[in-house]
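Everything on this sheet refers to the single structure shown next.
There are 2 protein chains.
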Amino acid sequence: MRESYVEELEDIRSCLVEMANTVGSQMSTATTALLDADVALADLVIAGDEQIDATRESIDQRCFTLLARQQPVATDLRSIVTATRIASDLERMGDLAEHIAKVARMRFPDHAVPQEVRPAFLEAGHVAEMLVAKAGTVIATRNVEAARELETDDDAMDRLHRGLFRQLLSDDWPYGVETAIDITLLGRYYERFGDHAVGVARRVVYLVTGERHVPEVSQP
Amino acid sequence: MRESYVEELEDIRSCLVEMANTVGSQMSTATTALLDADVALADLVIAGDEQIDATRESIDQRCFTLLARQQPVATDLRSIVTATRIASDLERMGDLAEHIAKVARMRFPDHAVPQEVRPAFLEAGHVAEMLVAKAGTVIATRNVEAARELETDDDAMDRLHRGLFRQLLSDDWPYGVETAIDITLLGRYYERFGDHAVGVARRVVYLVTGERHVPEVSQP
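Top line first, the protein sequences correspond to chains A and B. Last residue of the first sequence: number 220 in the UniProt record's numbering, and the count goes up by one each step with no gaps. Last residue of the second sequence: number 220 in the UniProt record's numbering, and the count goes up by one each step with no gaps.
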């Protein structure tokens, strides 16, 4: 029993890593859909989100079955609980990629993102992919150093986000309010994606060290 | 043992109801802070969020202690897991009230919300309070009918949100891009608050009936 229990926990962890990979690929596709106004790619992302939701559901069920069948204490209990929380973060990151794809779809055949802010979103896309890839590595390795680095890595996203607002607020913003609304929401989706990647890293730090940074991802 | 276990579950449920009340009061204060540009009220909300985070932490700890000490199956297991998820929704709703307060604080002594859109936010505040109050009742009573009504009740929030965009996009929006950004984000905070209230209701429906509406709150 004990052995299959450890195996099950390991397998859940592999599923989380795979889920992080899928979310990274969704985010990458969503960014391309956005920047190229590619509605077929946007639809791929929107359709693909169901699989992420299903994976989260399956991970949750497996965790709760473990909780019910075994009586895990201390580290094992914490591992299982952490797994459900990480699955929740990753599922939400998938939603955010889907939201980005939906903005691309809504504005098609126009581009939601005007030329001047393309570089900011291209960069935000890269940072987002880097963050989720690193989150995946942190889940796989439980490397606390790498987890802590993610906090700093996410500063790049926050800087991009602030830069975006500066562009929107510059006197020569020529695109009007509708585009400003799209950019504001898109900026928030990328930023929240980064916040949740940091959330994953913090959960791993807590799991390994018992140190809790903050109770929850809650940047405005 | 069994009796104290049932008592503990009941007590966790009471804590969730109280948490919903606190979140409702935070949202009410945040809306007033926003509409009156009242920085003292905004600071109250910002400071008050810590208590909500702490309550969530405490509910989680109690749930996981129950999971570890008992071997709950079926309904009991589902009750405990549902409690942690509801606590997470309520905590996030508290964050959203805090975000609203922070916008009020950031624009002080100016009003973040211009005269023309005040009625929309006043109404959004009322709807938000109604939704969280009803969510509290649903937690307390496990009334499936009331839980299902919450879905329809939240449509009012979605209508307000769409109306807000229409105002922003009307040809005579005189307030420029900065205010449009604030309004866009504020609108999203209220809308997400409603989504999470619906999330709470869906979790209760699932707990009572086993019917799952959607895996997670994920409206864009």
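Yeah, the Cβ is synthetic: ideal placement off N, Cα and C, and Gly gets one too. Here the structure is a predicted model, which means the values were calculated and not measured.
Cut-off 6 Å between Cβ atoms - residues of its own chain near I46 of chain A, not counting five sequence neighbours on either side
Hits under 6 Å: E98 and A101.
With A201 of chain A and A135 of chain A assumed to form a contact (beta carbons below 8 Å), what rounded beta-carbon distance in angstroms separates them?
6 Å
Could you spell out where the alpha helix (DSSP H) holding E129 of chain A opens and where it closes?
Run containing E129 of chain A: R118 to T141, per the alpha helix (DSSP H) assignment.
Determine the closest residue to H196 of chain A out of A:A104, A:A147 and A:L66, with distance taken between C-alpha atoms.
Here the closest residue by C-alpha is A:A147.
Helix, strand or coil: which one does DSSP assign to F108 of chain B?
coil
Can you pull the chain A residues whose beta carbon is under 7 Å from the beta carbon of V177 of chain B, in chain order?
Close to V177 of chain B, with beta-carbon spacing below 7 Å, are these residues of chain A in chain order: L168, L169, W173, V177 and A180.
Using a Cβ cut-off of 8 Å, pull out every chain A residue sitting near V73 of chain B, in sequence order please.
A68
Check for me: the alpha helix (DSSP H) holding E57 of chain A runs from which residue to which?
V39 to R69
Within 8 Å, do at least three Cβ pairs link the region 119 to 138 of chain A to the region 48 to 59 of chain A?
No: fewer than three Cβ pairs fall under 8 Å.
Alpha-carbon to alpha-carbon, N21 of chain B and E7 of chain B
One C-alpha to the other measures close to 21 Å.
For a cutoff of 8 Å on Cβ pairs, would you count R105 of chain A as touching chain B?
Cβ-Cβ to chain B under 8 Å: no for R105 of chain A.
So P114 of chain A and Y175 of chain A are supposed to be a Cβ contact under 8 Å. How far apart are they, rounded?
5 Å
Who are the near neighbours of T29 of chain A in its chain, counting only those whose CB is closer than 7 Å to its CB and skipping five residues on each side?
L41, L44 and V45
Restricting to Cα atoms, I'd like to know which of B:A180, B:C15, B:V73 and B:F64 is closest to L90 of chain B.
B:C15
I want to see whether chain A comes within less than 8 Å of F165 of chain B, judged by CB atoms only; does it?
yes
Listed in chain order, which residues of the region 108 to 141 of chain B have Cβ atoms closer than 7 Å to some Cβ of chain A?
none
Contacts that T32 of chain A makes with chain B (C-beta to C-beta distance below 8 Å):
Ordered by position in chain B, no residue passes the 8 Å Cβ test against T32 of chain A, which lies about 19 Å from the chain.
Pairs of beta-carbons, one from the region 157 to 166 of chain B and one from the region 64 to 75 of chain B, closer than 8 Å: are there three or more?
no
Could you spell out the range, first to last residue, of the alpha helix (DSSP H) harbouring Y190 of chain B?
G176 to T209
Any idea what DSSP makes of D171 of chain A, helix, strand or coil?
coil
Residue of B:G94, B:E116 and B:R162 minimising C-alpha distance to W173 of chain B:
B:E116
Going by beta carbon distance, what residues of the same chain come within less than 8 Å of A37 of chain B, once the five residues before and after it are set aside?
Only residues of its own chain outside the window of five on either side were considered, and among them A104, R107, F108, P109, D110, H111 and A112 have a CB closer than 8 Å to the CB of A37 of chain B, listed in chain order.
Under 6 Å Cβ to Cβ from A133 of chain B, same chain only, skipping five residues before and after it: list those, please.
Listed in chain order, the non-local C-beta contacts of A133 of chain B below 6 Å within the same chain comprise G24, local neighbours out to five positions each way being set aside.
Are T82 of chain A and L207 of chain A closer than 8 Å when you measure CB to CB?
yes
Cβ neighbour criterion (16 or more within 10 Å) applied to Q26 of chain A:
buried
So I181 of chain A packs on F165 of chain B, CB below 8 Å; how close in whole Å?
7 Å
Please compile the residues from chain B whose C-beta is within a distance smaller than 8 Å of the C-beta of L185 of chain A.
T184 and R188
Cα-Cα separation, A74 of chain A to D53 of chain A:
29 Å
Measure the beta-carbon distance from L168 of chain B to V177 of chain A and round it to whole angstroms, keeping in mind my assumption that it falls under 8 Å.
6 Å
Outcome for V217 of chain A when other beta-carbon atoms lying within 10 angstroms are tallied against a minimum of 16:
With a pLDDT of only 46 at V217 of chain A, under 50, the local geometry of the prediction cannot be trusted, and no value is derived from it.
So if I threshold CB-CB distances at 7 Å, which residues from the region 74 to 87 of chain A count as touching chain B?
L77 and V81
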